[in-house]
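Q: Just add 24 to the spot in the sequence shown (first one is 1) and you have my numbering. The C-beta atom is built at its ideal place from N, Cα and C for all residues, glycine as well.
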Amino acid sequence: MTLRHLARRTGALLSCAGLCVALCCAAPSGAWADDVPSSSNISAGCEAALDAIVRETAAENAVDAPAIRFLVYQDAANSWLSAAADCPGRYEQGIVESAYASYEAHEIAAAAGISPSAVETGADVDAVDKTSPDTSSDVVVASVPTPEGLGTAATSALALAQDKAAFSMEVLAARSNPINEQDYALSLRARGNAAQLADGLTKDPRQKLYSVQTLLAHPSTLVDPSTGLRTPTNAAVEMELGLSEAQGTSDLATARQRLAAAAFVREAFYDAWTLGYPATPVPLES
25 MTLRHLARRT
35 GALLSCAGLC
45 VALCCAAPSG
55 AWADDVPSSS
65 NISAGCEAAL
75 DAIVRETAAE
85 NAVDAPAIRF
95 LVYQDAANSW
105 LSAAADCPGR
115 YEQGIVESAY
125 ASYEAHEIAA
135 AAGISPSAVE
145 TGADVDAVDK
155 TSPDTSSDVV
165 VASVPTPEGL
175 GTAATSALAL
185 AQDKAAFSME
195 VLAARSNPIN
205 EQDYALSLRA
215 RGNAAQLADG
225 LTKDPRQKLY
235 SVQTLLAHPS
245 TLVDPSTGLR
255 TPTNAAVEME
265 LGLSEAQGTS
275 DLATARQRLA
285 AAAFVREAFY
295 DAWTLGYPAT
305 PVPLES
C-alpha cells in the first residue's frame with residue numbers, strides 16, 4: 025500500500041501554507057480484509073500476521089466485555105506491527121492500524137478504569153501529562169528508542185521530521201499563557217529524538233527553523249479544508265510527523281529495519297489521536 029492510498033484510507037491530506045501539515049482524518053477499519061493477498065504471494069511471517077488480524081478483527085466486532093476488547097486491541101496492535109515488518113506492501117497501513125488499535129485500547133482503558141500504563145503503545149502522551157519539563161527530563165527518554173541501522177536516507181527523514189515537530193510544538197507551547205507544558209514536553213521529546221538520529225549521520229539534515237505562519241494563525245485548532253474536520257493544532261503536528269516519517273522510511277529493505285522503524289513511527293499517529301485528531305472510519309480504497 026502506498027502512502028497515497030493510506031491517506032485515502034485515513035482521510036484527505038491537509039496542505040497548509042508554511043506549515044504544510046499533511047493530516048490523516050479517518051480511523052482505520054477492518055475493510056482491508058477483502059484485499060488480503062493469496063498465501064502463495066506472501067512470506068510465512070506476513071501470512072501469520074494477516075491471519076491473526078482477521079481473527080482479531082472478528083473478535084473486535086463480536087466482543088462486548090471491556091477487559092476482553094482491551095486485550096483484543098492490544099493483540100491487534102502487535103499483529104499490525106508484525107504486518108508492517110513482514111508485509112512490505114502494507115508497511116504504512118500496518119503502522120497506522122497498529123497505532124489506531126493501541127488508541128482504541130487506550131480509550132477502552134480510560135472508560136473501564138484500566139491503568140493507562142497497561143496500554144502497549146510505546147507512545148507517551150499519558151507520561152507527558154505527568155511530567156513537568158521544568159523539573160524532569162524523563163519525557164525525553166520516555167519515548168520509543170530511536171531506531172538504528174536504517175541507512176542514511178531513512179534516518180535523515182526521521183531526524184528532519186522530528187526536528188520540525190519539535191519546533192512546531194515549541195511554538196505552540198510558547199503561544200499559550202501560561203506555557204502549555206504538554207506541548208513543551210512533546211517538543212523536548214522530539215528534539216531529543218532528532219538529536220539522537222542526527223548524531224550518527226555525516227550530514228545533519230535538521231533545519232532548526234521552520235515557517236510559523238500557520239502555527240501563529242491557528243495556534244489552537246485547524247480545519248481540514250477538504251473534509252471540514254476540525255482538529256487541535258498539536259494533533260495536526262503529530263499527524264504530519266507520522267505521515268512524514270512513514271513516507272520517509274517506506275523503502276526499507278529488511279523486515280528487521282521495518283519493524284524497528286514502524287515501532288518508532290507509530291508513536292506519532294497514536295499521539296495525534298490521543299491529542300484529539302478526529303477518528304471517522306472510512307473504507308479502504310485501493
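Relative to the C-alpha of residue 266, which residue among 109, 120 and 83 is closest?
A: Measuring from the Cα of residue 266, the nearest candidate turns out to be 120.
Q: Determine the direct distance from the alpha carbon of residue 103 to that of residue 138, and round the result to whole angstroms.
A: Taking the straight line joining both Cα atoms gives about 22 angstroms.
Q: Return the chain-ordered ranges of every alpha helix (DSSP H) run that is complete within the stretch 226-302 and spans a minimum of 4 residues.
A: Runs found: 237-241, 257-272 and 279-298.
Q: With 16 other CB atoms within 10 Å as the buried threshold, where does residue 118 fall?
A: Buried is the call here.
Q: Please determine, among 213, 112 and 69, the residue with the shortest C-alpha to C-alpha distance to residue 276.
A: The option with the nearest alpha carbon to residue 276 is 112.
Q: Report, in whole angstroms, the separation of the C-beta atoms of residue 122 and residue 282, which I expect to be a contact under 8 angstroms.
A: Contact flag wrong, Cβ pair sits at about 12 angstroms.
Q: Since residue 270 and residue 218 are thought to touch, with beta carbons under 8 angstroms apart, how far apart are those beta carbons, to the nearest angstrom?
A: Contact flag wrong, Cβ pair sits at about 17 angstroms.
Q: Starting from the C-beta of residue 224, find all residues in its chain whose C-beta is less than 6 angstroms away, skip the five residues before and the five after it, and write them out in chain order.
A: Taken in chain order, the list of residues that qualify is empty.
Q: Count the other CB atoms within 10 Å of the CB of residue 302; is the residue buried (16 or more) or exposed (fewer)?
A: With 16 or more Cβ atoms within 10 Å of its Cβ, residue 302 is classed as buried.
Q: Would you kindly check if the distance between the Cβ of residue 211 and the Cβ of residue 197 is under 8 angstroms?
A: Result yes, Cβ atoms of residue 197 and residue 211 sit closer than 8 angstroms.
Q: Secondary structure at residue 173, three-state DSSP: helix, strand or coil?
A: Residue state, collapsed to three classes: coil.
Q: May I ask which residues mark the beginning and end of the alpha helix (DSSP H) holding residue 93?
A: Per DSSP, residue 93 belongs to the alpha helix (DSSP H) from 90-110.
Q: According to the neighbour-count rule (16 or more other Cβ atoms, all chains shown, within 10 Å of its Cβ), is residue 202 buried or exposed?
A: So residue 202 counts as exposed.
Q: Hey, would you say residue 214 sits closer than 8 angstroms to residue 237, going by beta carbons?
A: Taking 8 angstroms as the Cβ cut-off, residue 214 and residue 237 do not qualify as a contacting pair.
Q: Comparing alpha-carbon positions, which option in 87, 93 and 262 lies nearest residue 294?
A: Minimum Cα distance to residue 294 is reached at 262.
Q: Among the candidates 207, 280 and 272, whose CA atom is the shortest distance from the CA of residue 116?
A: The shortest C-alpha separation from residue 116 is found at 272.
Q: So, under 8 angstroms CB-CB, residue 333 and residue 257 are touching, yes? Tell me the CB distance rounded to an integer number of Å.
A: Since the first residue shown for the chain is 25 and the last is 310, residue 333 is missing from the structure and cannot be characterised.
Q: Where does residue 249 land, buried or exposed, given buried means 16+ other C-beta within 10 angstroms?
A: Confidence is the limiting factor: at residue 249 the pLDDT is only 48, short of 50, which leaves the residue's position unreliable, though a coordinate-based value still follows. Counting Cβ neighbours within 10 Å, residue 249 comes out exposed, since fewer than 16 surround it.
Q: Measure the alpha-carbon distance for residue 127 versus residue 108 and round it to whole angstroms.
A: Going by the C-alpha atoms only, they are around 17 angstroms apart.
Q: Can residue 93 be considered in contact with the ligand PLP, in the sense that its beta carbon sits closer than 7 angstroms to one or more heavy atoms?
A: The ligand PLP is not part of this structure, which contains no ligands at all.
Q: Tell me which residue opens and which closes the alpha helix (DSSP H) that residue 85 is part of.
A: Its alpha helix (DSSP H) spans residues 68-86.
Q: In whole angstroms, what separates the C-alpha of residue 134 from that of residue 299?
A: Rounded to the nearest angstrom, the two C-alpha atoms are 14 angstroms apart.
Q: Cβ of residue 220 within 8 angstroms of Cβ of residue 176?
A: Their beta carbons are not under 8 angstroms apart, which means residue 220 does not touch residue 176 by this criterion.
Q: For the alpha helix (DSSP H) holding residue 216, just list the boundary residues, first then last.
A: Unbroken alpha helix (DSSP H) run through residue 216: 205-223.
Q: Does residue 137 come out as helix, strand or coil in the three-state DSSP assignment?
A: Coil.
Q: Give the DSSP-derived three-state secondary structure of residue 195 in the structure shown.
A: Of the three classes helix, strand and coil, the one that applies to residue 195 here is helix, per DSSP.
Q: In angstroms with no decimal places, state the Cα-to-Cα distance between residue 49 and residue 125.
A: Reliability fails at residue 49, whose pLDDT of 36 lies under 50, so the model's placement of it is uncertain and no value is given.
Q: State the Cα-Cα distance for the pair residue 92 and residue 136, rounded to the nearest angstrom.
A: About 11 angstroms.
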